[in-house]
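Heads up: the structure comes next, in structure tokens.
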Amino acid sequence: MADFNISDRTVEQLMNIGISFVILTVGWLVISIVLRVAKKALEKSSLDPVLYRFILKMIKIGLWIILILTILERFGFKMNSLITVLAAAGAAIALALKDSLANVAGGIMILINKPFSQDDFIDINGTTGQVRDIDLFVTHLKTYDNKVITIPNGMVNTSVLVNYTKENKRRVDCCFGIGYDDDIQQAKDILAEIAEKNPSIYQEPAPTIGVAGQNDNCVSIDLKVWCKTEDYWDVKYFLEEQVKLAFDKAGITIPFPQMDVHIRRKRETNN
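In this note's numbering, the protein residues as written are 3 to 273.
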């Protein structure tokens, strides 16, 4: 019967494999428990679901890296060397993906600061639409004419942003021009009456009516009223239409740009 001689090195390697298997099993169980506890805690917090899913993913990646490094150390790999290699690889990846990482950083800032939420109507550097979705890389807007616009979060985070629906009330600004021969007080009374008869227009704060300026061809009168944010366009259209009808009925002219040309003939001289 043949003798099998097993060297100490082989025994050591077999023991390392067995211990590594135990570490892997226990580590997997610990990671599962940690993730489960972290998920419950994050779900109870006020964090955006996209953000807490990202945090969970980062926790999972970090724990698995620690577990793998611990197992590799059992086989003689130096922890410092492994960390150095991982740091160098991470730096190279970060340099190659700097734009994508900027978008991720922008996405995190958006989810933390919450300058807007899903379904808000916003304007980003002249691009206007309703927020349909926010993820870590991009923000999706949907315009009123049913176009979908995708904007990188890095750009969103560094741009001037206007949120039209952040507040529950919004001011409607209108400007109407009347002729210089028309009665200013009559026009102001008409505007006040129209603003008062629409139930969607707040009477507190009261509508603001005043002469805004004297232009080349008309006197401009401002009408500023407050309403619920969701009623903005209904109120805007109502005012524009009703003022035109009321001015026509009252005989108030709405001037249009025009130019008067005077022709002078050169007087003939007799020699």
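Cβ coordinates follow ideal geometry from the N, Cα and C atoms, glycine included.
Just so you know, these numbers come straight off a predicted model, no measurement behind them.
Spatial distance of residue 67 from residue 35 (CA atoms): Cα to Cα, the separation comes out at about 17 Å.
Going by Cα to Cα distance, which pick from 158, 258, 146 is closest to residue 113? 158
Could you pull the start and end residues of the alpha helix (DSSP H) that residue 179 belongs to? Looking at the DSSP string, residue 179 is not in any alpha helix (DSSP H); the run it does join, the beta strand (DSSP E), is 171-180.
Helix, strand or coil for residue 4? Go by DSSP, reduced to three states. Bear in mind that the predicted position of residue 4 carries a pLDDT of just 49, short of 50, making it unreliable; the figure below should be weighed with that in mind. Correct three-state label for residue 4: coil.
Residue 168 bridges to which residues according to DSSP? BP columns for residue 168 are empty, so no partner.
Can you give me the C-alpha to C-alpha distance between residue 48 and residue 109, rounded to a whole angstrom? 16 Å
To the nearest angstrom, report how far apart residue 256 and residue 178 are at their CA atoms. 8 Å
Selected residue, minimal CA-CA separation from residue 212, among 59, 37, 229, 193: 193
Assigned secondary structure, residue 86 (DSSP; H/G/I helix, E/B strand, else coil): For residue 86, the three-state secondary structure derived from DSSP is helix.
Same chain, Cβ closer than 6 Å to residue 190, neighbours up to 5 away in sequence not counted: 211
Exposed or buried, which one is residue 184 when buried takes at least 16 other CB atoms within 10 Å? buried
According to DSSP, simplified to helix, strand and coil, what is residue 49? coil
By DSSP, does residue 191 sit in helix, in strand, or in coil? helix
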